[in-house]
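The numbering used here applies: residue 11 is where the sequence shown begins, and numbers increase by one.
Don't be surprised by glycine CBs; every beta carbon is placed ideally from N, CA and C.
Predicted model, so just to flag it, every value in this text is computed and none were measured.
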Amino acid sequence: MQAVLYVSHGSRVKETRQEAMAFMEQVHQKVDVALHETCFLELVSPDIGEGIDSLAEQGATAIAVVPVLLLSAGHYYEDIPDEVKKSVLRYPDIRFTYGKPLGVQDRLVEILAERLQETGVERLPEAEILLVGRGGKSSEITRSVEGIAAKLAVKVKVPKIDVCYLAASAPSFDEGLQASINSGSKQIFVVPYLWFTGLLVKSMQKKINSLSTKEQQIILCGYLGDHPSMVDALAERVHEALQNKQQPVW
């Protein structure tokens, strides 16, 4: 029996976990597979091993492991495979396939443009736009975020969009935000390239609230969330993983 294991990042924030689970329920409706399970990389249960155990107990004979990740980084290349490998040894009769993160997609750039518009704030011609990525040690992450920023700049018709990162990449969020403030623009739009809410979004909002003034307005846009295009994008990755005939080398 075919099953799908969704591997989400994990958060201590209850709202984030609930948001992730509700999102996966929407994806389930677009994927014609009887067995689904959502697990988390860190901080909360079930973890990957527990998710696989649950599917095995329900009779799964094939499991498509689908990373609920925006970009390819250490979690995709190392952390998820390392954990799945342990279960592969315990369940040699189960066939495992591996999906891909969403990657750089035009429809995700469209969501970012919508999030800018949804602020309801009329954008001044000289407004600064700062795209904020999660970050990672891989140069692939920075290339991808820079590519997204370039696509968004074309979409919203501005000369350029600066980028910064919340962890492990430079410039940091604090550095990027300070550079935007130093530009002297009366408006700064901060666009988070994040899937769900959580401590990172809350910390960004707190920082912005402390720095925004009447003379220099800083606006935090919404995160990607459960936009219908996000649901479609992940469902597409699930279908690709289900159709993958090649066993990954764990």
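8 angstroms Cβ cutoff met for residue i and residue j
| i | j | result |
| --- | --- | --- |
| V200 | L140 | yes |
| I191 | Q227 | no |
| T71 | G208 | no |
| V75 | L244 | no |
| V17 | I58 | yes |
| P111 | Y86 | yes |
| Y233 | W205 | yes |
| A163 | I171 | yes |
| L15 | C49 | yes |
| V331 | G109 | Since the displayed the chain opens at 11 and closes at 260, residue 331 lies outside it and no answer follows. |
| V131 | I229 | yes |
| E156 | V173 | yes |
| V43 | Q68 | no |
Continuous alpha helix (DSSP H) stretch holding residue i: start and end
| i | result |
| --- | --- |
| V166 | 149-166 |
| R144 | Careful: R144 lies outside any alpha helix (DSSP H) and carries neither H nor E. |
| Q36 | 24-38 |
| H46 | Premise fails: H46 lies in the beta strand (DSSP E), 45-50, not in any alpha helix (DSSP H). |
| V241 | 238-253 |
Residues of its chain near residue i, where Cβ-Cβ distance is below 7 angstroms and the 5 sequence neighbours each way are ignored
| i | result |
| --- | --- |
| V104 | In the sequence on display, residue 104 carries Ile and not Val. Excluding sequence neighbours, I104 sits near A66, A70, T71, A72, I73. |
| G146 | A83, G84, A178, S179 |
| I158 | V114, V119, L141, Y203 |
| H38 | H46 |
| R117 | S239, A243 |
| K96 | G59 |
Own chain, CB closer than 8 angstroms to residue i, minus 5 neighbours either side, in chain order
| i | result |
| --- | --- |
| C231 | L122, R125, L126, E128, T129, F199, V200, V201, P202 |
| E136 | S195, K196, Q197 |
| E29 | F206, T207, G235, D236 |
Limits of the unbroken beta strand (DSSP E) element including residue i
| i | result |
| --- | --- |
| Q12 | 12-18 |
| Q227 | 227-230 |
| Y233 | Counting along the chain, Y233 falls outside any beta strand (DSSP E), and DSSP gives it neither H nor E. |
| V173 | 172-175 |
Contact set for residue i: own chain, Cβ-Cβ below 6 angstroms, skip 5 residues either direction
| i | result |
| --- | --- |
| H19 | L51 |
| L252 | A74 |
| P181 | C174 |
| K40 | A245 |
The region 89-104 / the region 118-125 touching (three or more Cβ pairs under 8 angstroms): Counting Cβ pairs under 8 angstroms, fewer than three are found: no touch.
Please list the segments of the beta strand (DSSP E) lying wholly inside the region 68-135, counting only runs of 3 or more residues, in order along the chain. 72-77, 105-108, all fully within the region 68-135.
Taking only runs of the alpha helix (DSSP H) that begin and end inside the region 182-208, which ones reach a length of at least 4 residues, in chain order? Runs found: 183-192.
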